[in-house]
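Colleague:
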Amino acid sequence: MTDPLLSVENLRTYFYTPYGVVKAVNGVNFELESGKALGIIGESGSGKTVTGLSIMRLIFPPGKILKGSRIMFQGEDLLLKPENEMRSVRGNRISMVFQDPMTSLNPVFTIGEQLTRVIQTHQDLTKKEAIEKAITLLKEVGISDPEKRIKNYPHQFSGGMRQRVLIAMAISCHPNLIIADEPTTALDVTTQAKIIELLKDLQRKIGTSLIFITHDLALISEIVSEVIVMYCGMILERGEVDELLSEPLHPYTEGLLHSLPDVNIKGDLQPIEGTIPSPINPPSGCKFHPRCKHATVECREDVPEFKKIRSDRYVSCILY
Amino acid sequence: MRTEYIINRLIQVLPVMLGIITLAFVMLRLAPGDPITIYMGVRASEEDLQYLRHLYGFDKPIYLQYIDYLKRIAVGDFGTSISYQKPVFDIILKRLPVTLSLVLYSLGFSVIVAIPAGIYSALHKNRISDHIVRFISLIGVSIPRFFTAILLIYMLGYYLEILPISGYVPLREDFVKGSMHLILPAVSLGGALMGYTMRVMRSSMLEVLGENYIKAARAFGLQEKVVVWRYALRNALLPVITIIGLQFSTLLGGSIIIEEIFGIEGIGRLTYRALLARDYPLIQGVVIYYSFLFLLSVIIVDVLYAIIDPRIKYE
Numbered sequence: 426m427t428d429p430l431l432s433v434e435n436l437r438t439y440f441y442t443p444y445g446v447v448k449a450v451n452g453v454n455f456e457l458e459s460g461k462a463l464g465i466i467g468e469s470g471s472g473k474t475v476t477g478l479s480i481m482r483l484i485f486p487p488g489k490i491l492k493g494s495r496i497m498f499q500g501e502d503l504l505l506k507p508e509n510e511m512r513s514v515r516g517n518r519i520s521m522v523f524q525d526p527m528t529s530l531n532p533v534f535t536i537g538e539q540l541t542r543v544i545q546t547h548q549d550l551t552k553k554e555a556i557e558k559a560i561t562l563l564k565e566v567g568i569s570d571p572e573k574r575i576k577n578y579p580h581q582f583s584g585g586m587r588q589r590v591l592i593a594m595a596i597s598c599h600p601n602l603i604i605a606d607e608p609t610t611a612l613d614v615t616t617q618a619k620i621i622e623l624l625k626d627l628q629r630k631i632g633t634s635l636i637f638i639t640h641d642l643a644l645i646s647e648i649v650s651e652v653i654v655m656y657c658g659m660i661l662e663r664g665e666v667d668e669l670l671s672e673p674l675h676p677y678t679e680g681l682l683h684s685l686p687d688v689n690i691k692g693d694l695q696p697i698e699g700t701i702p703s704p705i706n707p708p709s710g711c712k713f714h715p716r717c718k719h720a721t722v723e724c725r726e727d728v729p730e731f732k733k734i735r736s737d738r739y740v741s742c743i744l745y
Numbered sequence: 142m143r144t145e146y147i148i149n150r151l152i153q154v155l156p157v158m159l160g161i162i163t164l165a166f167v168m169l170r171l172a173p174g175d176p177i178t179i180y181m182g183v184r185a186s187e188e189d190l191q192y193l194r195h196l197y198g199f200d201k202p203i204y205l206q207y208i209d210y211l212k213r214i215a216v217g218d219f220g221t222s223i224s225y226q227k228p229v230f231d232i233i234l235k236r237l238p239v240t241l242s243l244v245l246y247s248l249g250f251s252v253i254v255a256i257p258a259g260i261y262s263a264l265h266k267n268r269i270s271d272h273i274v275r276f277i278s279l280i281g282v283s284i285p286r287f288f289t290a291i292l293l294i295y296m297l298g299y300y301l302e303i304l305p306i307s308g309y310v311p312l313r314e315d316f317v318k319g320s321m322h323l324i325l326p327a328v329s330l331g332g333a334l335m336g337y338t339m340r341v342m343r344s345s346m347l348e349v350l351g352e353n354y355i356k357a358a359r360a361f362g363l364q365e366k367v368v369v370w371r372y373a374l375r376n377a378l379l380p381v382i383t384i385i386g387l388q389f390s391t392l393l394g395g396s397i398i399i400e401e402i403f404g405i406e407g408i409g410r411l412t413y414r415a416l417l418a419r420d421y422p423l424i425q426g427v428v429i430y431y432s433f434l435f436l437l438s439v440i441i442v443d444v445l446y447a448i449i450d451p452r453i454k455y456e
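In the order they appear, the protein sequences are chains H and R. Last residue of the first sequence: 745 in the numbering used here, with the numbers rising by one and none dropped. Last residue of the second sequence: 456 in the numbering used here, with the numbers rising by one and none dropped.
1) Rounded to whole angstroms, what's the CA-CA distance from I645/H to I253/R? Just pull it up for me.
2) Counting only beta-carbon atoms, is V566/H nearer than 8 Å to chain R?
3) Does the beta-carbon distance from V274/R to I405/R come in below 8 Å?
4) Of all Cβ atoms in chain R, is any one closer than 8 Å to the Cβ of H547/H?
5) Pick out whichever of V722/H, S471/H, R512/H, M497/H has its Cα sitting closest to the Cα of V367/R.
6) Does the distance from the CB of V543/H to the CB of I592/H come in under 8 Å?
7) With DSSP as the reference, please indicate the residues paired to L463/H in a beta bridge.
8) Which runs of the alpha helix (DSSP H), 4 residues or longer, sit entirely within the region 147 to 229 of chain R?
9) Could you give the first and the last residue of the continuous alpha helix (DSSP H) run that contains S345/R?
10) Note down, in chain order, each residue of its chain lying with its Cβ closer than 6 Å to the Cβ of Y421/R, except the 5 sequence neighbours on either side.
11) Determine whether the Cβ of K356/R lies closer than 8 Å to any Cβ atom of chain B.
12) For Q524/H, which option in Q539/H, D641/H, I653/H has the closest C-alpha, if you only look at C-alpha atoms?
13) My output table needs one value for Y295/R: the three-state DSSP class, helix, strand or coil.
14) Thinking C-alpha only, which one of L483/H, V533/H, D549/H is nearest I519/H?
15) Spell out a yes or no on whether the region 381 to 400 of chain R and the region 536 to 552 of chain H are touching, meaning 3 or more CB-CB pairs, one atom from each, closer than 8 Å.
16) Distance cutoff 8 Å, beta carbons only. Does E456/R sit that close to anything in chain H?
17) Got a sec? Which residues, its chain only, sit under 8 Å from S529/H by beta carbon, not counting five neighbours each side?
18) On the premise that T678/H lies in contact with E662/H, defined as a C-beta separation below 8 Å, what is that separation, rounded to the nearest angstrom?
19) Is A611/H helix, strand or coil when you go by DSSP?
20) State the beta-bridge partners of D727/H as determined by DSSP.
21) Using the rule of at least 16 other Cβ atoms within 10 Å of the residue's Cβ for burial, across every protein chain shown, is P600/H buried or exposed?
22) Please state if the CB of R286/R and the CB of I460/R are separated by a distance shorter than 8 Å.
23) What is the C-beta distance between S396/R and L293/R, in whole angstroms, given that I count them as a contact (C-beta under 8 Å)?
24) Looking at the ligand SAM, does it come within less than 7 Å of G332/R, judged from the CB to the closest heavy atom?
25) If you follow the beta strand (DSSP E) that S432/H is part of, which residue opens it and which one closes it?
26) I'd like to know if E348/R contacts chain H, where contact means its C-beta is closer than 8 Å to some C-beta of that chain.
27) Note down the Cα distance separating M426/H from A605/H, rounded to an integer number of angstroms.
28) My guess is that A377/R and S345/R are in contact by the Cβ rule of under 8 Å, so how many angstroms apart are they, rounded?
29) How is V447/H classed by DSSP in three states: helix, strand or coil?
30) By the three-class DSSP mapping on this structure, what secondary structure does D443/R have?
31) How do the region 662 to 677 of chain H and the region 727 to 744 of chain H stand: do at least 3 beta-carbon pairs fall below 8 Å, yes or no?
32) Grouping DSSP H, G and I as helix and E and B as strand, with all else coil, what is K506/H?
33) I want to verify the contact list: residues of chain R whose CB lies under 9 Å from the CB of V543/H, in sequence order.
34) Against chain R, does D502/H count as a neighbour if the rule is that its beta carbon must be under 8 Å from one of theirs?
35) Whose Cβ in chain R lies nearer than 9 Å to the Cβ of Y578/H?
36) Please state whether DSSP places M426/H in a helix, a strand or coil.
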């Protein structure tokens, strides 16, 4: 087997707040092969966004990526790179699509200015070539009349259109990896589907790998082949997407699926009992045990091993 | 479209100007005291007083005085000063460059110091250098102008003898000497504005640096200097411009005392004397002049805003 494109090893990102240490990501391991799409699901505060930002190395004080973490990307450890080299990775070899397209574009510059700036930062192109490239990119992400639109400001675009512009920016340098952090959360349902479709098409077309971070279980099977379930900064379960959704192993994943509304079935939703634990004082042992109906004394004491159940199927629970 | 917007704003200013002109007229007539008596002294004969009242039109009913006053202003005649015996317009015009150079030096000083310091402070948040900058801005805001002036005169003018402590040399005659004379008054006058601007710049910069588009810009690998000096600064300047525009009026007001302290024959000093002498035409002229300058600064702020922020509509 060839080396994976990205391999995250024992990633720990802590935030040293005045109230205590928040272990936002606490020992995360996963690999991503070239051209594949991986989903990360979890509730708010589960550490999925911080995982994405850690890969980009966009963690600022009081946050810190701990020593001993490794993020191997194309054979290099990103955590050991000097900042100026890391900058040429961002937006170029790895790029990110953010959650809120309404606020992710600078309001005082035109779309064209912002797009060409990203292009010219990473590619040796003249202003004119960069503008041409920007127009092509906008066409590619489905913005009509790009020659004219390029002179418009962000406030003249709708949310969905802005996300398309941001996606154009993200693919402008043909990155090897795109991290999409809840790219559809702020959009309405019909726009969501279109953005997902666009991401899927582009991913296939330029052969990039994708990490798709979401809390929306309904969306995830549309776009990724493999899924990681995160809770309290740790991975609870991992598997092929359809298998994981049809036959969840971890009680938490099961709970997540039960709390999903289904238009075909009338009846009450079954939300997971309890709430997400305090990030400063997380429970001992298995982080999910206070909310788990299968919890035993053992769960309170030790973190269960992340076991391989069968090929490509892992879970961290004493039931298995 | 932009020129149309500016013309529009200028037209909107006209009714405001009329209001101010009226107010200047009414307020002075309401104030107790008679300019002719003050001018002639208590021993003047009743006939002389009557004659002068008639000459200046003070014997007419107030609404007629008002109509005369408006008519004259419409043709640029602001009347004749009682104490100077010269046209008000000429007196103000002659002193305009003096006050204008003081105010502009002061504005320039505050902005040139405050904006870089505010940005620096924001980028070094909670470090010692940030605390020092914030302390200086606090001093600027809290110490009254006249006290700053006295301190500066004592330290730089009297004790160290590096700068002149009084007088004015027109910049057109001798730029260097004129500037030297303006340094102390400009710094005393602009200290407060500098302090405000610094604080607003700092907090606005910090706010903008936390925005999503700044995170996104970093995630796209843009260089830090582009992120700070282009992406963030342009957005962060908007509230700063508002503050400078609003605080401009305090520079005008402050120039009265500063000109008095530093012996500068500008409009501030003129205002002070006109008030003491109850020189109606002159006070009216000065009030109109101040309002005009203030309105002008408001328009300049509006135009700058429209240039920086594309979201502002010109219609």
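Don't be surprised by glycine CBs; every beta carbon is placed ideally from N, CA and C.
Modeller: To lay it out plainly:
1) 53 Å
2) Chain R, which has no Cβ nearer than 8 Å to the Cβ of V566/H, makes this no.
3) The answer is no: Cβ separation not under 8 Å.
4) yes
5) R512/H
6) no
7) I636/H, E651/H
8) 176 to 181, 187 to 197, 203 to 215
9) For S345/R, the enclosing alpha helix (DSSP H) has its first and last residue at 316 to 350.
10) L169, P176
11) Annotation note: the requested chain B is absent from the structure, which comprises protein chains H and R.
12) D641/H
13) helix
14) L483/H
15) no
16) Low confidence applies to E456/R: its pLDDT is 46, below 50, so where it sits in the model is not reliable, and the reading given next is rough at best. Judged by the 8 Å Cβ criterion, E456/R is not in contact with chain H.
17) F523, R587, L591
18) 5 Å
19) coil
20) DSSP lists no partner for D727/H.
21) buried
22) No answer is possible for residue 460/R: the residues shown for chain R start at 142 and end at 456.
23) No, S396/R and L293/R are not in contact; Cβ-Cβ is about 16 Å, not under 8 Å.
24) The model depicted lacks the ligand SAM and carries no ligand whatsoever.
25) 431 to 442
26) no
27) Because M426/H sits at a pLDDT of 49, beneath the cut-off of 50, its placement in the model cannot be relied upon, and the point is left open.
28) 4 Å
29) In the structure shown, V447/H sits in a strand (DSSP, three-state: E or B).
30) helix
31) yes
32) coil
33) By Cβ distance, chain R contributes A358, F361, G362, L363.
34) no
35) P451, R452
36) Legend: pLDDT at M426/H = 49, less than 50; position of this residue unreliable, no value from coordinates given.
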